[in-house]
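**Q**
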Amino acid sequence: MRSTTTHPHRPALRRRLMVTAFLVALVAAPALATPAQAAIGGSFVDNLDGFATSRWHKANGYSNGGMFNSGWRADHVWHSGGVMGINLDNYGCPSGCSGKPYASGEYRTNDLYSYGRYEVRMKAARGGSGTVTSFFTYTGPSDGQPWDEIDIEILGKNTWQMQTNYYTNGVGGHEKLINLGFDAAAGYHTYAFEWWNGGTINWFVDGRLVHQENGSRGKLPTHPGRIMMNLWPGTGVDSWLGPFSYNGQRQATYDWVKYTRY
Numbered sequence: 691m692r693s694t695t696t697h698p699h700r701p702a703l704r705r706r707l708m709v710t711a712f713l714v715a716l717v718a719a720p721a722l723a724t725p726a727q728a729a730i731g732g733s734f735v736d737n738l739d740g741f742a743t744s745r746w747h748k749a750n751g752y753s754n755g756g757m758f759n760s761g762w763r764a765d766h767v768w769h770s771g772g773v774m775g776i777n778l779d780n781y782g783c784p785s786g787c788s789g790k791p792y793a794s795g796e797y798r799t800n801d802l803y804s805y806g807r808y809e810v811r812m813k814a815a816r817g818g819s820g821t822v823t824s825f826f827t828y829t830g831p832s833d834g835q836p837w838d839e840i841d842i843e844i845l846g847k848n849t850w851q852m853q854t855n856y857y858t859n860g861v862g863g864h865e866k867l868i869n870l871g872f873d874a875a876a877g878y879h880t881y882a883f884e885w886w887n888g889g890t891i892n893w894f895v896d897g898r899l900v901h902q903e904n905g906s907r908g909k910l911p912t913h914p915g916r917i918m919m920n921l922w923p924g925t926g927v928d929s930w931l932g933p934f935s936y937n938g939q940r941q942a943t944y945d946w947v948k949y950t951r952y
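Number 952 marks the last residue of the sequence shown (the numbering used here); no jumps.
1. Helix, strand or coil: how does DSSP classify His-879 here?
2. Only counting the same chain, and skipping five residues up and downstream in sequence, which positions put a Cβ closer than 8 Å to that of Asn-869?
3. What residue does the beta strand (DSSP E) around Asp-833 start on, and which one ends it?
4. Count the other CB atoms within 10 Å of the CB of Pro-784; is the residue buried (16 or more) or exposed (fewer)?
5. For Pro-791, which residues of its own chain have a beta-carbon under 7 Å away from its beta-carbon, when the five flanking residues on both sides are left out?
6. So, with DSSP's three-state summary, where would you put Leu-870?
7. Is it buried or exposed, Leu-899, if we count other Cβ atoms within 10 angstroms and call 16 or more buried?
8. Which complete beta strand (DSSP E) runs does the segment 750-835 hold, if anything under 3 residues is left out?
9. Measure the CB-CB distance between Tyr-857 and Leu-910 and report whether it falls below 8 Å.
10. As a quick exercise: from Met-757, Trp-746 and Tyr-805, pick the residue whose alpha carbon is nearest that of Gly-889.
11. Between Arg-798, Gly-908 and Arg-811, which has its C-alpha nearest Lys-948's C-alpha?
12. Measuring only the C-alpha atoms, how far is Gly-830 from Asp-838?
13. Give every residue of the same chain whose Cβ lies closer than 7 Å to the Cβ of Arg-916, excluding the five residues on either side of it in the sequence, and list them in chain order.
14. I think Gly-905 touches Val-861, with their Cβ atoms under 8 Å apart; what is that distance to the nearest whole Å?
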C-alpha cells in the first residue's frame, strides 16, 4: 500500500500520511494477537476455496485512515467458484463504512511468517485510477514489533505495471515500477517474492526474476509479519495513485496463496 520513487517530490508527505494512517488503525482496529500468541507459521498452500479461520481473519469495522478512503468490511471478502474476491464499492456507506465513503476488504493471516518464498496467483481490479490491489507482508506496533513490510502492488492507473517496495522500522522509499508486458487486470498471473535472511529480497512474475533488493538502498526487514491481501481507494495521494472516481463496484480476485519457509 505504498508509494513510488518515480515521484521524488512526494516521499516526505507519503511518510507522514502512512504513519498517521497506521496510528489511526491501531486505535480503531480490534486487538490482534500479541507476539506471545501469534505463532511463527510454517509452509502452506491455500487454494482459497473457503474461509479457513484457522489461518486467516478478515479486517472488519475500522479504517486505516489517512490515505485510505474506505472502511474494512468482512462481507467485502468472499469465496466462490474456487477463488477469493475482494469488493470495493459504496454499499452502506458512510454509516456502515467507518465514516468513509467506500467499503472494501482485507484478508490477513493469524500467524506471523518469516524468511521464505511468498507466492500468489491473482487478478487485479480494473476500473481506472485511484486504487491499489496488493499482496504483502506487514508487522508493526499491533504485533509489538517495528513496522516491517514487503509489497507487491498493482496500481489501478496502470495495470500493466507492478510496484515493489519494502519498509524497515517504518522507513520506506524503496519503490520500483516493473513493466509486466501484460494487463494484470485482464487475467490471473503468479507474483512472488523471496525474503532471504541477511541476503536479498527477490521479486518474480510468472517465475521470472524482475527485481532484487540487497540492502544497498537501506536495511532489509528482519521481523516476521502477517501475509495480507487488500484492495482500497486512495484519497489525497493523486500524484501516486491518480484520482479515484467511483463508477461502480471494483473487484480483485485471488486464486491461491503459497508460502515456503526457508
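A virtual CB, placed ideally from N, CA and C, is assigned to each residue, including glycine.
**A** Taking the geometry as given:
1. Shown here, His-879 sits in a strand according to DSSP, grouped into three states.
2. Apart from sequence neighbours up to five positions away, the residues of its chain that approach Asn-869 with a beta-carbon distance below 8 Å are Trp-850 and Gln-851, ordered along the chain.
3. That residue, Asp-833, is in no beta strand (DSSP E); it is neither H nor E in DSSP.
4. By the 10 Å Cβ count, Pro-784 comes out exposed.
5. So the qualifying residues of the chain are Asn-759, Asn-780, Cys-783 and Pro-784.
6. Reduced to three states, the DSSP call for Leu-870 is coil.
7. Taking all protein chains in view, the Cβ of Leu-899 is surrounded by fewer than 16 other Cβ atoms within 10 Å, so the residue is classified as exposed.
8. You should have 760-762, 767-770, 773-778, 792-794, 796-799, 806-813 and 821-829.
9. Contact: no.
10. The option with the nearest alpha carbon to Gly-889 is Tyr-805.
11. Arg-811 is the residue among Arg-798, Gly-908 and Arg-811 whose C-alpha sits nearest the C-alpha of Lys-948.
12. Here the alpha carbon of Gly-830 sits roughly 6 Å from the alpha carbon of Asp-838.
13. When the five nearest sequence neighbours on each side are left out, the beta carbons in the same chain lying within less than 7 Å of the beta carbon of Arg-916 are those of Arg-798, Thr-799, Leu-802, Thr-827, Tyr-828 and Thr-829, in order along the chain.
14. Rounded to the nearest angstrom, the Cβ distance from Gly-905 to Val-861 is 12 Å, too far for a contact under 8 Å.
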